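Structure first, then comments.
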Amino acid sequence: MDYTPEAGSVTMFSTTWCGYCRRLKTQLQGAGIGYSEINIEEVEGAAALVEKLNDGNQTVPTVLYPDGSAATNPSLIDVQKALGSLGTN
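Here it is in structure tokens:
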């Protein structure tokens with residue numbers, strides 16, 4: 018399955034118990050950045066993709082950007098920079 022997000026948004030791989038995921042979701046919402054959330058414990062194949070992106074680790078949040086690049090536990094500023102929107106919100 019292709020999880021690549023649309024321009025200006027991200028796909029965030031998470032779990033229900035991840036505090037860092039909850040924090041990033043709140044920050045993305047506050048900054049007006051759209052995201053799709055994929056729970057790696059509920060969506061078949063998502064955990065394997067996260068492992069592939071993180072050298073064999075199921076680390077969340079893992080964020081996938083429209084250009085196909087990914088970041089592990091990025092800050093809001095990192096996400097804004099990657100999307101080219103720093104200072105535009």
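In this text, residue positions in the sequence shown follow the working numbering: the first is 18, and each later residue adds one.
Even glycine gets a Cβ: it sits at the ideal position worked out from N, Cα and C.
Just so we're clear, the structure is a prediction, and the values are computed from it rather than from any experiment.
> Gly51 lies in the alpha helix (DSSP H); which residues open and close that run?
Replying inline: Stepping through the sequence shown from its first residue, residue 51 is reached at position 34. Note, Gly51: premise wrong, no alpha helix (DSSP H); beta strand (DSSP E) at Gly51 to Asn56.
>> Could you compute how far the alpha carbon of Ala99 sits from the alpha carbon of Met29?
In response: Taking the first residue of the sequence shown as position 1, residue 99 is located at position 82. Taking the first residue of the sequence shown as position 1, residue 29 is located at position 12. Straight through space, the alpha carbons of Met29 and Ala99 are spaced by roughly 14 angstroms.
> Within this structure, are the beta carbons of Tyr20 and Ile55 separated by less than 8 angstroms?
Replying inline: Position 3 of the sequence shown, counted from the first residue, corresponds to residue 20. Position 38 of the sequence shown, counted from the first residue, corresponds to residue 55. Cβ atoms of Tyr20 and Ile55: closer than 8 angstroms.
>> For Asn106, count the other beta carbons within 10 Å of its own beta carbon; 16 or more makes it buried, fewer makes it exposed. Which is it?
In response: The residue labelled residue 106 in the question sits at position 89 within the sequence shown. Bear in mind that a pLDDT of 45 at Asn106, under 50, signals an unreliable position, so the number given afterwards is only what the model happens to contain. With fewer than 16 Cβ atoms within 10 Å of its Cβ, Asn106 is classed as exposed.
> Going by the CB atoms, is the gap between Asp95 and Ala87 shorter than 8 angstroms?
Replying inline: Along the sequence shown, read from residue 1 onward, the residue named residue 87 stands at position 70. Along the sequence shown, read from residue 1 onward, the residue named residue 95 stands at position 78. No, the pair does not count as a contact, with Cβ atoms beyond the cut-off.
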